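For what it's worth, the working numbering labels the leading residue of the sequence shown as 30, then goes sequentially. Idealized CB from N, CA, C, for every residue including glycine. A quick note: this is a predicted structure, and the numbers were derived from the prediction, not measured. What follows is one structure encoded as structure tokens, with my remarks underneath.
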Amino acid sequence: MPVRPPSGRPTLPSGARWRALAAATAAAALLAGCSGGPPEPEVRHILALGDSLAVGVQPDENGTPEETPRGYADVIHRELYDTDSTLRLVKLGCGGEDTGTMLDGGRCDYVEEHGADSQIAAAEAFLAENAGAVELVVLDIGANNLVPCAVRDGELVAELDSECVDEGLAVAADDVEEIAGRLREAAGPDVRIVGMTYYNPFLAGWLLGGEERELAEESAELLPELNEALVAAYQRHGVEVADVAAAFDSEDFEPAPAADAEGVAAAAEGTPRNVARICSWTWMCAAAPQGPDIHANDEGYRRIADVFLEVIG
Numbered sequence: 030m031p032v033r034p035p036s037g038r039p040t041l042p043s044g045a046r047w048r049a050l051a052a053a054t055a056a057a058a059l060l061a062g063c064s065g066g067p068p069e070p071e072v073r074h075i076l077a078l079g080d081s082l083a084v085g086v087q088p089d090e091n092g093t094p095e096e097t098p099r100g101y102a103d104v105i106h107r108e109l110y111d112t113d114s115t116l117r118l119v120k121l122g123c124g125g126e127d128t129g130t131m132l133d134g135g136r137c138d139y140v141e142e143h144g145a146d147s148q149i150a151a152a153e154a155f156l157a158e159n160a161g162a163v164e165l166v167v168l169d170i171g172a173n174n175l176v177p178c179a180v181r182d183g184e185l186v187a188e189l190d191s192e193c194v195d196e197g198l199a200v201a202a203d204d205v206e207e208i209a210g211r212l213r214e215a216a217g218p219d220v221r222i223v224g225m226t227y228y229n230p231f232l233a234g235w236l237l238g239g240e241e242r243e244l245a246e247e248s249a250e251l252l253p254e255l256n257e258a259l260v261a262a263y264q265r266h267g268v269e270v271a272d273v274a275a276a277f278d279s280e281d282f283e284p285a286p287a288a289d290a291e292g293v294a295a296a297a298e299g300t301p302r303n304v305a306r307i308c309s310w311t312w313m314c315a316a317a318p319q320g321p322d323i324h325a326n327d328e329g330y331r332r333i334a335d336v337f338l339e340v341i342g
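Next comes the structure, spelled out in structure tokens:
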């Protein structure tokens, strides 16, 4: 018989006491885990794809383009995060990306982080790895197919290269068809994908008169062709469209109200609405060294985000 202590209860041998204590501790830990706070909510993602606009590029104080946390994708994320704190923003965009490099690579490195040789392949890998956890994909691509037709060595050309424009439009149309199709296949039918049309930064040349004004007016005729090709490809693959071109009044050459023309250098009186928008919402009319620069400023990115948010609902 075991020796009884004065209390009259049997005493466990030393080893048995430790085993019993360990078992009780483990049981308590298990119960604590079961009865603790709610589990961590599942993280969901917003995936931003495309060119420099997708990563919020703006010129720094020296005029050097740099990525910022103030792009349209960042604004969208902040707005949606207010009502859903599980959302995380992943930006795969690449400054200078055109439709060809998005498909074939060559500008940004996606190998180390995503094991991919191009942005589209990195996007496909991310969508596969996070299947069921992607809330939204936002996309802008295609403008850089045409920029070389209007800019040489950082300066606006006197006349658009029509052969360059024709080739750029044709390639963009074919490539965006592939990009939209591959994104839809990778994302599945239920993930919302929203692509945008483009504003026209070259409208700023209108203020300079002469050949620059002619270039601005010519670009206003050509950019709708790119945007129409983008919209057609997006819609064929269930990609919703944020019509940024319309929000910037890109085709409206009617004189802007005085309030819209504030800060539009000289010739503010009679400045077309579309030109005023470009001057107000991009760096195209800014003084050197930051301007002229085709990228949106903080207000411009906010306006672009608003168009996306209206579509997203």
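Which of helix, strand or coil does DSSP assign to residue i?
i, result
"Ala315", "coil"
"Glu96", "coil"
"His266", "coil"
"Ala162", "coil"
"Arg136", "coil"
"Asp322", "strand"
"Ala276", "helix"
"Arg331", "helix"
"Val304", "helix"
"Leu121", "coil"
"Val167", "strand"
"Gly299", "coil"
"Gly79", "strand"
When you compare the CB positions of residue i and residue j, do they come within less than 8 Å of one another, or not?
i, j, result
"Ile105", "Ala334", "yes"
"Ala209", "Val268", "yes"
"Val223", "Phe337", "yes"
"Ala202", "Ala152", "no"
"Val194", "Leu252", "no"
Give the straight-line distance between the Cα atoms of residue i and residue j, rounded to the nearest whole angstrom.
i, j, result
"Asp182", "Ala162", "43 Å"
"Val72", "Leu116", "6 Å"
"Ala56", "Pro70", "Any reading at Ala56 must be qualified, since the residue scores a pLDDT of 45, below 50, and its modelled position is unreliable; the value itself is stated next. Taking the straight line from one Cα to the other gives about 26 Å."
"Val304", "Glu188", "19 Å"
"Ile341", "Val166", "11 Å"
"Glu243", "Trp235", "7 Å"
"Ser43", "Val140", "Low local confidence applies: a pLDDT of 43 at Ser43 is under 50, so the model's placement there is unreliable, with the coordinate-based value given in what follows. For Ser43 and Val140, the distance between alpha carbons rounds to 59 Å."
"Trp312", "Gln319", "7 Å"
"Pro286", "Thr97", "31 Å"
"Glu254", "Glu142", "36 Å"
"Gly329", "Thr93", "18 Å"
### Message
Tell me whether the stretch 262-279 and the stretch 225-234 touch, counting them as touching only if at least three CB pairs, one residue from each stretch, are closer than 8 Å.
### Response
Cβ pair count under 8 Å is three or more, so yes.
### Three or more C-beta pairs below 8 Å linking the stretch 148-163 and the stretch 76-83
Yes: at least three Cβ pairs fall under 8 Å.
#### Entry: Those runs of the alpha helix (DSSP H) which lie wholly inside the stretch 169-256 and span at least 4 residues
176-179 and 191-216
### Segment contact flag, the stretch 117-134 with the stretch 81-91, C-beta cutoff 8 Å, min 3 pairs
yes
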